[in-house]
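Residue numbers (my numbering), protein chains in the order written: chain A, 14 to 124; chain B, 115 to 226.
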Amino acid sequence: QKEVEQNSGPLSVPEGAIASLNCTYSDRGSQSFFWYRQYSGKSPELIMFIYSNGDKEDGRFTAQLNKASQYVSLLIRDSQPSDSATYLCAVIRGSARQLTFGSGTQLTVLP
Amino acid sequence: NAGVTQTPKFQVLKTGQSMTLQCAQDMNHNSMYWYRQDPGMGLRLIYYSASEGTTDKGEVPNGYNVSRLNKREFSLRLESAAPSQTSVYFCASRVGAQETQYFGPGTRLLVL
């Protein structure tokens, strides 16, 4: 079992719709969870982080964490073509606080 | 602030050649990291440095060496490049109290 798993996609949604990206992790001791966005040929950039169970909202983005189910998700409301990218879920684990990444979900927002 | 910078942007090597990838950050961050990214495999940690003067292996260290030259700079060396090391290499840094990592623009390496 991979430590962090994501559906690779591709996921396609129409402009204006809600995009839902999902991630599961295997280490119950994980404390911190991150969503990065990566445009083709570019480096990952942080969208959101979440530490506590529940929802965290930032503009059109909502991160959801359920530690009991070892599940973290990212919702993108009012999706725009500029949201088309690969979204990487990452988890902090270990005493060295290393980031472990999922393989990413490719999102395409269709105009 | 330039953030995290990496050189070179692109490099083509022949099998057996050596090279050093350079990374520098101007954010006064304590921790620095080297990752490689391959299609379908996400980012994998090669080496990291929790603070100046320390380095540790990550998930995929074989074939690589690192040097934390000072607080700003963290270099990655390939002593004898192999085609399996063809990848995109990212450097990242993190300030001690926070856990967010900031990434450089990447180095695209092709080993023939």
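Glycine included, C-beta positions come from ideal geometry on N, C-alpha and C.
Classify S163 (chain B) as helix, strand or coil using the three-state DSSP reduction. The residue given as residue 163 (chain B) occupies position 49 in the second sequence. Three-state result, S163 (chain B): strand.
Where does Q127 (chain A) fall in DSSP's three states? Within the shown structure, residues of chain A are numbered from 14 to 124, placing residue 127 (chain A) beyond reach of any answer.
Beta-carbon spacing of Y100 (chain A), L34 (chain A) below 7 Å: Within the first sequence, the letter at position 87 stands for residue 100 (chain A). Within the first sequence, the letter at position 21 stands for residue 34 (chain A). Yes. Within cutoff.
One question on the structure: do V174 (chain B) and R191 (chain B) come within less than 7 Å of each other, judged by their Cβ atoms? Mapped onto the second sequence, residue 174 (chain B) falls at position 60. Mapped onto the second sequence, residue 191 (chain B) falls at position 77. Against a cut-off of 7 Å, the Cβ pair of R191 (chain B) and V174 (chain B) comes out as no contact.
What residues are listed by DSSP as bridge partners for K171 (chain B)? Here residue 171 (chain B) is taken as the residue at index 57 of the second sequence, counted from 1. For K171 (chain B), which the question treats as bridged, DSSP gives the partners B:Y161.
With a 10 Å radius around its C-beta and 16 neighbouring C-beta atoms as the bar for buried, classify T168 (chain B) as buried or exposed. Translated into positions along the second sequence, residue 168 (chain B) becomes position 54. It counts as exposed.
E213 (chain B) to K55 (chain A) span [Cα, whole Å]: Taking the second sequence and counting its residues from 1, one reaches residue 213 (chain B) at position 99. Taking the first sequence and counting its residues from 1, one reaches residue 55 (chain A) at position 42. So the alpha carbons of these two residues sit roughly 21 Å apart.
Helix, strand or coil at P27 (chain A) according to DSSP, with G and I counted as helix: Here residue 27 (chain A) refers to the residue found at position 14 when the first sequence is read from its first residue. If DSSP states are grouped into helix, strand and coil, P27 (chain A) belongs with the strands.
Let me see if you follow: with CB-CB separation under 7 Å, is P57 (chain A) close to chain B or not? For the purposes of this step, residue 57 (chain A) is taken as the residue at position 44 of the first sequence. Yes, because at least one Cβ of chain B sits closer than 7 Å to the Cβ of P57 (chain A).
Measuring only the C-alpha atoms, how far is S132 (chain B) from S92 (chain A)? Position 18 of the second sequence, counted from the start, is the residue given in the question as residue 132 (chain B). Position 79 of the first sequence, counted from the start, is the residue given in the question as residue 92 (chain A). Spanning the two alpha carbons is a distance of roughly 45 Å.
For the stretch 201-217 of chain B, which residues have a beta carbon sitting closer than 7 Å to at least one beta carbon of chain A? The residues in question are F204, E213, T214, Q215, F217.
Which residues in the same chain as L226 (chain B) place their Cβ atom closer than 8 Å to its Cβ, once the five residues preceding and following it in sequence are excluded? Along the second sequence, one-based indexing puts residue 226 (chain B) at 112. Answer for L226 (chain B): V126, L127, K128, T129, P197, listed in chain order.
Please report the straight-line C-alpha distance between A76 (chain A) and F204 (chain B), rounded to a whole angstrom. The sequence position of residue 76 (chain A) within the first sequence is 63, counting from 1. The sequence position of residue 204 (chain B) within the second sequence is 90, counting from 1. If I take the Cα positions, the gap works out to 25 Å.
Give every residue of the same chain whose Cβ lies closer than 8 Å to the Cβ of G42 (chain A), excluding the five residues on either side of it in the sequence, and list them in chain order. As a position in the first sequence, residue 42 (chain A) is number 29, starting the count at 1. These residues qualify, in order along the chain: R106.
Can you give the Cα-Cα distance for V122 (chain A) and P94 (chain A), rounded to whole angstroms? On the first sequence, residue 122 (chain A) is found 109 positions in, with the first residue counted as 1. On the first sequence, residue 94 (chain A) is found 81 positions in, with the first residue counted as 1. Roughly 5 Å separates the two Cα atoms.
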